[in-house]
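Protein chains in written order, with this note's numbering: chain C, 4 to 485; chain L, 55 to 181.
Following this line, the structure appears as C-alpha cells:
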C-alpha cells in the first residue's frame, strides 16, 4: 500500500483546470442573479487537472479498509460481502437516470421495485406492509416509534409515553425514543444475558407505549421468553418494536411477526448486503402488522387491480420522514440480493453466520473470557482476555488486530461488561479466513503475557498510529485550516 | 483495586456522598472513573435544579461511553463544580477530591439507604 495523506487543496495550482466550458455562455446567468446572493470573492475551490483528481482519490481509496480488502468482524453491524451484481442492477439506466419528480406512468419499473421488495420483505419478516422512506436504521427506529405513538394517539390513549428498553439494547433505541419525545424505562438482563421477565412485569402499566427489543440480543443470544414477553406487553396495551440490526441469523428461518412484534426496521445495508460504513448510504425500511399499516409515513407505492403502480398517501400517516421515498438505489441492490439468492439459499445465510460465530467463539474461549457460555447466534461477546493479570484491555487487542490486517471488532459494547469485544463474522467468510483470525487472536493473547508493551503501543503498521482519543474528543479539529 | 475512601456514603451506581451540615457533596467513585476510562465531558445540572434520589441528574461522557449520573440523595442543587467544565479529566485523576454537585438535602434520612466504605468495598468485590 502506498502511503498517501494529502488533501486535494494541497495539489491546487492557480489557473490549473480539468474542464473547458463553451465561451461566453455563462455571463448572462451571472448578471441575472441578485447582487445580495452573489459571492464577493471567488470560492476557494481546488484548481487541479483531471489526472490530479483521479490519482488523488485512487491513492486515498488505497488507505481505506472495507469488506473488499479483508475480514471485518464488526459486531452488530453485519459487514457481509456486497455482491457486485447488486451494483450492476442499480447502475441500469432505467434505475440510475430517473428523477423523483417524474410522472408515475414513466417510472412504473421503479415503482415495481418498491412493490416487489415490500412483498419479499413482508414474506421474510411476517409483517403486512413496509415503508422504504427511512434512510438508515436509526431513522427507521424513529419512524417506527412515530407509528407507535400515532397509533396510541389515534385511539385517544394519551397516557402512553414510556418506552421500555433492555440494558443490553443498541444505544440508538433509547436515543430514538428520546428524539420521539418518549420516556425511556430500562429493564434489566438476567445473569444468562436475557431480558429479566420479572423486572419487565414490574414496569408494565397503562403508560407504556411499547418495548424495543432486538432478537437475538446484542450478546448474540436468542430471547427465548419472547412469546411470554409479547403476551405481557400486549396485555398492558403496549406494542412490540423489533430492532432489525440482528436479523441476519434469523433470515428465512424465524419471523419477527410470528414472535409477536408489531413494528420493525431492517437494515438493508446489513442483512441485505448493500454497502455500508464509508461505502454507501443505508436504508432502514419499517414494517408493520396489518392494524398499523395505515400509520406508515407518506408517500407509499400501491398497485391497483390493473397492475398499475401509484404513489399514494394515507390520511392517518405518521408524518413524512424523507423528501421522496428513501435511497432508491439501495432498494434495487437489496432486491437484487434477494432474487439472486432465492427462497432456498436465503435460508442458508442465517445458519452459516451462526456456525461461523460459534466456530470462532469455541476456538477462542480458553484465551478470552466468555461471560455467557452458550450457543450463540450470529455474534457473541468476549469480556477481555481470560488472563486479567496482564492489564491488556479490549482497546489494546483491537488496535493490535489492525497490525495483522483485520478490521477490529466492536469494543466496549454492550455495556454489560467492562471489556466487551463483540465479534460477528457473517456467513460469507470461508473457514480459512476464520482460522487466520483465530490464529491471530490467539497470538495476541500470547503477546499479552510475553510482550504487553507491543500491544499497548499498537498499531505499528498502520498509516495512523494510536490517536489521543481524549484530546480528539475534547479539542476536535473539525475544519481544514489551510 | 479501586480506592474507596472512609467516611463517605456510596450508592450502587457508584456515586459517593459527603455530608456537610445540611448539605452534601456528590461525586463519582474511583471504581466508576476506572470503568469509564478517560472522561471527556461532564453534563451537570444547573444551580436551583431539584434532584430526586435514584433519578438521573446529569451524565459523564468518556472515550468509551456516556453514563448517566444517578442521584444518591434528593435535594436542591446549590452548586456545580465549574472546574469540571474545562477539566473533566479531574474526575479521573482525583475522583474523591473533585465533587460534581453540592446539594441541599431535602431528607437527610436518605443517607441511611446508602452503603458505608466497607459495604461498598464488598459490593465492588462481587462485580
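Glycine is no exception: its CB is placed at the ideal position from the N, C-alpha and C atoms.
For residue j and residue i, the rounded distance between their alpha carbons
i                      : j                      : result
residue 333 of chain C : residue 255 of chain C : 21 Å
residue 273 of chain C : residue 457 of chain C : 34 Å
residue 352 of chain C : residue 65 of chain L  : 46 Å
residue 5 of chain C   : residue 65 of chain C  : 7 Å
residue 324 of chain C : residue 153 of chain C : 14 Å
residue 230 of chain C : residue 237 of chain C : 11 Å
residue 362 of chain C : residue 289 of chain C : 33 Å
residue 161 of chain C : residue 240 of chain C : 12 Å
residue 168 of chain C : residue 220 of chain C : 12 Å
residue 183 of chain C : residue 140 of chain C : 15 Å
residue 428 of chain C : residue 213 of chain C : 32 Å
residue 372 of chain C : residue 77 of chain L  : 44 Å
residue 172 of chain L : residue 367 of chain C : 37 Å
residue 153 of chain L : residue 179 of chain L : 24 Å
residue 303 of chain C : residue 98 of chain C  : 18 Å
residue 160 of chain L : residue 463 of chain C : 55 Å
residue 68 of chain L  : residue 265 of chain C : 38 Å
residue 417 of chain C : residue 173 of chain C : 8 Å
residue 360 of chain C : residue 469 of chain C : 28 Å
residue 81 of chain L  : residue 151 of chain L : 9 Å
residue 171 of chain C : residue 41 of chain C  : 52 Å
residue 386 of chain C : residue 403 of chain C : 17 Å
residue 132 of chain C : residue 262 of chain C : 17 Å
residue 58 of chain C  : residue 268 of chain C : 40 Å
residue 202 of chain C : residue 109 of chain L : 18 Å
residue 461 of chain C : residue 438 of chain C : 22 Å
Per-residue contacts from residue i into chain C (C-beta, under 7 Å)
i                      : result
residue 152 of chain L : What residue 152 of chain L touches in chain C: nothing, since even the nearest Cβ is about 16 Å away.
residue 94 of chain L  : 473, 476, 477
Residues that DSSP places opposite residue i in a beta bridge
i                      : result
residue 157 of chain L : L/78, L/131
residue 267 of chain C : C/245, C/290
residue 70 of chain L  : L/64, L/81
residue 192 of chain C : C/198
residue 303 of chain C : C/315
residue 77 of chain C  : C/426
residue 447 of chain C : In DSSP, residue 447 of chain C forms no bridge with anything.
residue 186 of chain C : C/165
residue 105 of chain L : L/129
residue 371 of chain C : C/388
residue 469 of chain C : Answer by DSSP bridge pairing: none, since residue 469 of chain C is not bridged.
residue 414 of chain C : C/424
With 16 other Cβ atoms within 10 Å as the buried cut-off, status of residue i
i                      : result
residue 335 of chain C : buried
residue 452 of chain C : exposed
residue 12 of chain C  : exposed
residue 327 of chain C : exposed
residue 74 of chain L  : exposed
residue 132 of chain L : exposed
residue 483 of chain C : exposed
residue 156 of chain L : buried
residue 381 of chain C : buried
residue 96 of chain L  : buried
residue 285 of chain C : buried
residue 125 of chain L : buried
Contact list for residue i against chain L, beta-carbon separation under 7 Å
i                      : result
residue 418 of chain C : 119
residue 415 of chain C : 118, 119
Opening and closing residue of the beta strand (DSSP E) in which residue i lies
i                      : result
residue 112 of chain L : 110 to 116
residue 425 of chain C : 423 to 426
residue 165 of chain C : 165 to 169
residue 120 of chain L : 120 to 124
residue 385 of chain C : 383 to 386
Interface partners of residue i on chain C, CB under 8 Å
i                     : result
residue 89 of chain L : 421
Limits of the alpha helix (DSSP H) - the one that residue i falls within
i                      : result
residue 214 of chain C : Note, residue 214 of chain C: premise wrong, no alpha helix (DSSP H); beta strand (DSSP E) at 211 to 216.
residue 115 of chain C : 111 to 128
residue 459 of chain C : 455 to 459
residue 492 of chain C : With chain C covering 4 to 485 only, the question about residue 492 of chain C has no answer from this structure.
residue 155 of chain C : 140 to 157
residue 340 of chain C : 331 to 367
residue 402 of chain C : 397 to 406
residue 237 of chain C : 229 to 238
residue 96 of chain L  : That residue, residue 96 of chain L, is in no alpha helix (DSSP H); its beta strand (DSSP E) goes 93 to 97.
residue 58 of chain C  : 53 to 64
residue 262 of chain C : 259 to 262
residue 177 of chain L : 171 to 180
Per-residue contacts from residue i into chain C (C-beta, under 9 Å)
i                      : result
residue 143 of chain L : 473, 477
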